[in-house]
Every structure is written in C-alpha cells, then in structure tokens.
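Numbering (the working numbering), first residue to last: 1 to 256.
For each residue, glycine too, the CB sits at the ideal point set by N, CA and C.
Here is the structure we will look at, set down as structure tokens.
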C-alpha cells in the first residue's frame, strides 16, 4: 500500500533516504522536547524523527496518509496527529517549546513561514524544504533581488541558513522546480515588542514600491514629521537591513 500524491494538496513525496536523513539532522534537537512534522506523507522524514527521544507530532490533513502512517509506524498513534498546521494555535503545548520540520507543500510555503513567525515564542527552530526560490528569499541579504517582505519579516525573528538544494528527480511525482532546504533559528533580537503591526506595515509599504525611495513609498502611512528628513528616507527598502527596519520602527513609534 502506498499513498497517491494529491495535486490539490501540493504533495510531492521525497524518495531519497539520504536527503531525508540530512533534513532531520538539520535540527539541533537541543532546548526542546517536542517536534512537529508538517505534511509527513508516507513518513520518509518521520521514520528518522521517531528514532529521537523527542515527542513527535504530525500535522497532516490527508486521511490516506494518516492511515498509512498509523499502519506502517508502530509509534504513530491517533493522538500523534494534530490536524492542519495553518490552523494550529499550539494550545495543546501548554507553553512548551516545539520545533517544526517538513517537506512543505509549495502552494502554502509563505503561509507556513508566517504561521511560524506568528508563534515564534514557542518555536525555537525550523528545518524545512521549500521551493528553491522561496528558500532563497528567506535567506537573502540586502541589496539583492531576493531580499523583500518575506525576508525581513522572517529575519526579524529568526537567523536563516540555506542548507542545500534538492533536485526534482528525487520526488514522486517530480515537481517542476528545484527545492531548497533552510534552517530557521530563533534569534535574540529585541526592539519589536509591541511594534509588530507597525513594523509589518512599514516593511510591506516599503517593498510594495521597492523602486521608490522610502520618502515616497511610505507616504501611505502618514510619515511622522520628525522622520521626513531621516537618512533612511533617501534610501529604498532593499537597502535597509533587518536591524535598520526594527530601529526605524521604534523611532516611528516614538514620534507618532
């Protein structure tokens, strides 16, 4: 028995055991006792996770996959499954830390990353496979074409490492694009507390008109008078580092 890959769920099952092992080894397994795998499919990552001492949870919405995993892995029980990752509020964790891992469906890549950011206080680490383009954007640096909204919103909370590229021929069915595996490690950056909404507004407005200087791109947000002559106003969003955006947000808040 195997699971039929479903196009509407964005399923592309990894078939290379070495790559599966490398993805699992990308996690440090330090500082937390819980790991959640998103979209386990037929368990190519799951089998290596189950060798660890951590408590493993599986976020899966495909009933065929759920039945397959329960039948083929004795450690997988009904209570191992936690439903749709994008609908998780993590209440069942009771404040405990939980790492995230997965071969993520490409059609919800950004949503998965933003769900992780929204619960960063509970998620110290993530290792996952995304479409290569998305993976590169998360790890991008200023003044490059890949550096944008996704980059800044993630790197405000996590240090990002691009681990390795995965080719199309190690999946069933093969996707039309290459994949990239990244690691997010929660960073100690401070300064965003209470400013998250404003931070996102500034970042999004800046990059929505990325060819324009911030003096023009941020007009939609009613720039505080005191900041209209700030040095950043003469720059474009892609020229600011994540730390620049964080400190600028604090200045904006102080002058509102």
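Pair within 8 Å by beta-carbon distance, residue i and residue j
i           : j           : result
residue 82  : residue 49  : no
residue 171 : residue 13  : yes
residue 178 : residue 156 : no
residue 162 : residue 135 : yes
residue 182 : residue 217 : no
residue 3   : residue 73  : no
residue 123 : residue 186 : yes
residue 231 : residue 255 : no
residue 45  : residue 125 : no
residue 206 : residue 198 : no
residue 131 : residue 109 : yes
residue 54  : residue 29  : yes
residue 250 : residue 208 : no
residue 80  : residue 56  : yes
residue 152 : residue 242 : yes
Outcome for residue i when other beta-carbon atoms lying within 10 angstroms are tallied against a minimum of 16
i           : result
residue 86  : exposed
residue 112 : buried
residue 92  : exposed
residue 35  : buried
residue 41  : buried
residue 33  : exposed
residue 229 : exposed
residue 180 : buried
residue 176 : exposed
residue 160 : buried
residue 165 : exposed
residue 47  : buried
residue 43  : buried
residue 193 : exposed
residue 95  : exposed
residue 31  : exposed
residue 211 : exposed
Host beta strand (DSSP E) of residue i (start-end)
i           : result
residue 21  : From DSSP, residue 21 is part of no beta strand (DSSP E) but of the alpha helix (DSSP H) over 17-25.
residue 102 : 98-103
residue 139 : Looking at the DSSP string, residue 139 is not in any beta strand (DSSP E), and its letter there is neither H nor E.
residue 59  : 55-59
residue 182 : 179-186
residue 37  : 34-38
residue 233 : Run containing residue 233: none; DSSP gives neither H nor E here.
residue 125 : 125-131
8 Å contact criterion, which residue i and residue j should meet: CB distance rounded
i           : j           : result
residue 100 : residue 24  : Rounded, the Cβ-Cβ distance is 12 Å, inconsistent with contact.
residue 26  : residue 117 : Actually they are not in contact, since the Cβ atoms of residue 26 and residue 117 sit about 19 Å apart, beyond 8 Å.
Host alpha helix (DSSP H) of residue i (start-end)
i           : result
residue 203 : 196-208
residue 244 : 242-254
residue 110 : 109-118
residue 155 : 149-155
residue 214 : 214-217
residue 158 : Note, residue 158: premise wrong, no alpha helix (DSSP H); beta strand (DSSP E) at 158-166.
residue 49  : 46-49
residue 64  : 63-72
Evaluate the contact criterion for the stretch 140-148 versus the stretch 101-115: three or more CB pairs, one atom per stretch, below 8 Å. The stretch 140-148 is not in contact with the stretch 101-115.
Give a yes or no on contact between the stretch 201-221 and the stretch 234-241, applying the rule of three or more CB pairs nearer than 8 Å. yes
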